Amino acid sequence: MAIPYMSVQAYILNKNLGKKGGSMQPTTEILMHPWYVWWALIIGLFLMTFIGTWIITRRWDK
Amino acid sequence: MNTKYLPIPEITLTMAIASSVGIAILLGISILLGILGKKQWKSFDEYLVGKRDMGPFVTGCALASSYLSGWAFCDSTGITYSVGFSGMWFAGMWSLIGIIPCIWVASSKTRSFAVKLNATTVPELMGRRYESKMLQTVISVCMLFFLFIYSVGQLKAAGGVWYAVTGFPPVLCLLLGVLIAWIYMVLGGYVGTNWSMAFQGAFLGIAGAIFGIMAFISSGGFYEISLKLWEQDPRLLSLIRPDLPKVGPTEFFSSWVGLLASPLIFFTMAIGFPHNLSRFLGMKKMNKKEYWFLVFIVWFITGIPVMLAASTNGLITRTLFGPQLFKIEPWKADLAAPLLSYAVGGIPLQTIYVMGLFAATLSTLAGMVMIMSANVTRDIITLWWLSTKDKTLIRISYFLIALFLFLPFYWTWKRPPELLSMFMGLAAMGLGAIFFFVTAMSFYWKRATKWGAFWTVVYGTIATLAGGYFVFTKKVLGMATMEFILLGGCFILFFFVSLMTKPPSEELLKRLFEGKD
Numbered sequence: 001m002a003i004p005y006m007s008v009q010a011y012i013l014n015k016n017l018g019k020k021g022g023s024m025q026p027t028t029e030i031l032m033h034p035w036y037v038w039w040a041l042i043i044g045l046f047l048m049t050f051i052g053t054w055i056i057t058r059r060w061d062k
Numbered sequence: 063m064n065t066k067y068l069p070i071p072e073i074t075l076t077m078a079i080a081s082s083v084g085i086a087i088l089l090g091i092s093i094l095l096g097i098l099g100k101k102q103w104k105s106f107d108e109y110l111v112g113k114r115d116m117g118p119f120v121t122g123c124a125l126a127s128s129y130l131s132g133w134a135f136c137d138s139t140g141i142t143y144s145v146g147f148s149g150m151w152f153a154g155m156w157s158l159i160g161i162i163p164c165i166w167v168a169s170s171k172t173r174s175f176a177v178k179l180n181a182t183t184v185p186e187l188m189g190r191r192y193e194s195k196m197l198q199t200v201i202s203v204c205m206l207f208f209l210f211i212y213s214v215g216q217l218k219a220a221g222g223v224w225y226a227v228t229g230f231p232p233v234l235c236l237l238l239g240v241l242i243a244w245i246y247m248v249l250g251g252y253v254g255t256n257w258s259m260a261f262q263g264a265f266l267g268i269a270g271a272i273f274g275i276m277a278f279i280s281s282g283g284f285y286e287i288s289l290k291l292w293e294q295d296p297r298l299l300s301l302i303r304p305d306l307p308k309v310g311p312t313e314f315f316s317s318w319v320g321l322l323a324s325p326l327i328f329f330t331m332a333i334g335f336p337h338n339l340s341r342f343l344g345m346k347k348m349n350k351k352e353y354w355f356l357v358f359i360v361w362f363i364t365g366i367p368v369m370l371a372a373s374t375n376g377l378i379t380r381t382l383f384g385p386q387l388f389k390i391e392p393w394k395a396d397l398a399a400p401l402l403s404y405a406v407g408g409i410p411l412q413t414i415y416v417m418g419l420f421a422a423t424l425s426t427l428a429g430m431v432m433i434m435s436a437n438v439t440r441d442i443i444t445l446w447w448l449s450t451k452d453k454t455l456i457r458i459s460y461f462l463i464a465l466f467l468f469l470p471f472y473w474t475w476k477r478p479p480e481l482l483s484m485f486m487g488l489a490a491m492g493l494g495a496i497f498f499f500v501t502a503m504s505f506y507w508k509r510a511t512k513w514g515a516f517w518t519v520v521y522g523t524i525a526t527l528a529g530g531y532f533v534f535t536k537k538v539l540g541m542a543t544m545e546f547i548l549l550g551g552c553f554i555l556f557f558f559v560s561l562m563t564k565p566p567s568e569e570l571l572k573r574l575f576e577g578k579d
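Chains A and B are the protein sequences, given in the same order. Mapping of the first sequence onto our numbering: residues 1 to 62, in sequence order. Mapping of the second sequence onto our numbering: residues 63 to 579, in sequence order.
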């Protein structure tokens, strides 16, 4: 689910910032997580555009 | 010297000349389209709306360009440059969630209602939809007020970027820009303006897509961008930044309220903006194929460049230049997009970017100015003084277009008054919240009444003014919270007052809602 995932992410990042000097080595998961959301948005909005238009126009007369 | 990041490029003569030539070409083509548009109108009605025969390509490009302002093409990149991923929600990732439903909800209905009611402007359409001259006047005054406030900031991004890349004072360039916009608007009327806007929209779509894709290719990929951002500040990777203040504009980046408000803002703004709806007034009746083409054009111009500008462009600039831009007064992060274009594509790409930015700026401004002028001529003068001659109205329009173009120019050149600056930030939100209900909802809800619309306009205007004070002056309220206050109030008043007051006449409802569009 998106909400806890993003909240946990914010928590980890902020906790890491609190450690002066030392920083946790980022995992691929941490580095890539915003891109997963970014891709979900890009794909979701693409699908919304074309599926929505298909739904609206599917009963239009020629 | 900081070797970790790219140095800030110095302005060169080649850079200045290339940008000047680019802008000259852009303005030259726009003026040519205005001249061609002159043949398309003979009466004042045709001056305002043409012959209602605009096809999907022109309508789609003009709609996208009226929606995308200089802010979308420049400042949005600065937002993600400044705060990282958490900025993308507000910076424009949701653009499509506004403009595509705008086509679905408003395109056919605006055209069909306008034809049935013989309306040439959005307030006239509403005045006849609600059977009230009083409401038409109130809507036109409200629209004039909001569009005027909103238009004042339109030239700021273009002026700043112009100075940053050429070193020439922006006064002359902007003055030339508004002068040429005046010529093509005066000559071409609605048709010439729409053609120029369509050209500018097509240009900014292609320029923005090339820019965004080239920037991404040069970045090294998703992982590389994230890694470099992490090395600078891990918070840049966070999708929400709880460390940022929850009052003022930063609420959009710092909380769930902000994240949820952003798509709502884009949704209501795109559907409620009168300069967007006006593109449909002169549109032809579309068949299925043309409608799909319209959607595709808008998806391409609004979707690709803006979504990249709102996300990857800003992040890549941050990886290349680090936080150096914050030290460059007075533009700071606003320089992110022009510097990135230079870093990844040299002078050619920077020139294309500057042209695209001017196209975005002028098209949005022209769309708004055309409406403001018609608000006075058609919705106030003709409404109350029916016998005013077409010739007089056209001459008044020429003067008003000059006035409404000059004032934003003047306040970009000179600092705008404090009060005006305070309300500018919320003007777009106010416009969206009010007119989403008053216009778009009235196309579908038969029971919508003039009093429901009237109180929505009154509340929305007062709430926007109060919001400007509490968000920007007192700094006790977040901008996203204000969006919910605005929308909630407009929703309640529009629906409840409508239900409590006398419905529109049966004759009107039959005419508008029965039979095919």
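C-beta: ideal position from N, C-alpha, C; glycine also. Because the structure is a prediction, the values reported are computed rather than measured.
For residue j and residue i, believed in contact at Cβ under 8 Å, the rounded distance
i: R303 of chain B; j: S148 of chain B; result: 4 Å
i: G162 of chain B; j: M48 of chain A; result: The sequence given here places Ile at residue 162 of chain B; Gly does not occur at that position. With 8 Å as the limit, I162 of chain B and M48 of chain A qualify as a contact, their Cβ atoms being about 7 Å apart.
i: S259 of chain B; j: S425 of chain B; result: Ser is not the amino acid found at residue 259 of chain B; the sequence shown has Met there. Rounded, the Cβ-Cβ distance is 4 Å, consistent with contact.
i: V214 of chain B; j: M486 of chain B; result: 6 Å
i: G239 of chain B; j: L401 of chain B; result: The Cβ separation is near 22 Å, so there is no contact.
i: I288 of chain B; j: L299 of chain B; result: According to the sequence displayed, residue 288 of chain B carries Ser and not Ile. Indeed, because the Cβ distance is near 6 Å, the residues count as touching under 8 Å.
i: G267 of chain B; j: L370 of chain B; result: The pair is not a contact, with the Cβ atoms about 12 Å apart (cut-off 8 Å).
i: F557 of chain B; j: G514 of chain B; result: 7 Å
i: V219 of chain B; j: L387 of chain B; result: Val is not the amino acid found at residue 219 of chain B; the sequence shown has Ala there. Wrong, their Cβ atoms sit about 15 Å apart, outside the cutoff.
i: I165 of chain B; j: V368 of chain B; result: No, I165 of chain B and V368 of chain B are not in contact; Cβ-Cβ is about 16 Å, not under 8 Å.
i: C123 of chain B; j: G263 of chain B; result: 4 Å
i: M276 of chain B; j: G407 of chain B; result: 5 Å
i: W257 of chain B; j: V120 of chain B; result: 6 Å
i: G254 of chain B; j: L98 of chain B; result: 7 Å
i: L306 of chain B; j: T312 of chain B; result: 4 Å
i: T423 of chain B; j: Q216 of chain B; result: 6 Å
i: T511 of chain B; j: S560 of chain B; result: 4 Å
i: T543 of chain B; j: V184 of chain B; result: So it is not a contact: roughly 29 Å between Cβ atoms.
Residue i - partner residues in DSSP beta bridges
i: M116 of chain B; result: B:M345
i: G540 of chain B; result: B:G310
Enclosing alpha helix (DSSP H) for residue i [first to last residue]
i: Y225 of chain B; result: K218 to T228
i: D107 of chain B; result: F106 to V111
i: P566 of chain B; result: First-last for P566 of chain B: undefined, no H or E at that position.
i: A243 of chain B; result: P232 to S281
i: P470 of chain B; result: D452 to W475
i: R59 of chain A; result: It is not in any alpha helix (DSSP H) - R59 of chain A carries neither H nor E in the DSSP assignment.
i: Q102 of chain B; result: Unbroken run through Q102 of chain B: none, as it is neither H nor E.
i: F358 of chain B; result: K350 to V360
i: Q412 of chain B; result: A398 to V438
i: Y192 of chain B; result: Run containing Y192 of chain B: none; DSSP gives neither H nor E here.
i: Q386 of chain B; result: Careful: Q386 of chain B lies outside any alpha helix (DSSP H) and carries neither H nor E.
i: T172 of chain B; result: S170 to L179
i: I333 of chain B; result: W318 to G334
i: S288 of chain B; result: F284 to Q294
i: A371 of chain B; result: I366 to A371
is_contact[residue i, chain E] using C-beta, thresh 8 Å
i: L299 of chain B; result: This model lacks chain E altogether; the protein chains it does include are A and B.
With 8 Å as the limit, tell me which residues of the segment 353–374 of chain B have their beta carbon closer than that to any beta carbon of chain A; keep them in chain order. Y353, W354, V357, W361, G365, M369 and S373
Members of the segment 136–159 of chain B near chain A, C-beta cut-off 7 Å: F147, M155, L158 and I159
Going along the segment 271–293 of chain B in order, which residues come within less than 7 Å of chain A, judged by CB to CB distance? F284, Y285, S288, L289 and W292
Where in the segment 113–157 of chain B do unbroken runs of the alpha helix (DSSP H), each at least 4 residues long, occur, reported from the N-terminal end onward? Taken in chain order, the unbroken stretches of alpha helix (DSSP H) that lie wholly in the segment 113–157 of chain B and span 4 residues or more are 118–129 and 138–145.
According to a CB-to-CB cut-off of less than 7 Å, which residues of the segment 158–175 of chain B neighbour chain A? L158, I159, I162 and W166
Every unbroken alpha helix (DSSP H) within the segment 476–517 of chain B, with a cutoff of 4 residues, ordered by chain: Contiguous alpha helix (DSSP H) elements confined to the segment 476–517 of chain B occur at 480–497, taking only those with 4 or more residues.
Residues of the segment 339–351 of chain B with Cβ closer than 8 Å to any Cβ of chain A, in chain order: N349 and K350
Chain-ordered residues of the segment 36–49 of chain A with a beta carbon less than 8 Å from chain B: Per Cβ criterion, the list reads V37, W38, L41, I42, L45, F46, M48 and T49.
For the segment 50–61 of chain A, which residues have a beta carbon sitting closer than 7 Å to at least one beta carbon of chain B? Within the segment 50–61 of chain A, the residues whose Cβ lies closer than 7 Å to some Cβ of chain B are G52, T53, I56, T57 and W60, listed in chain order.
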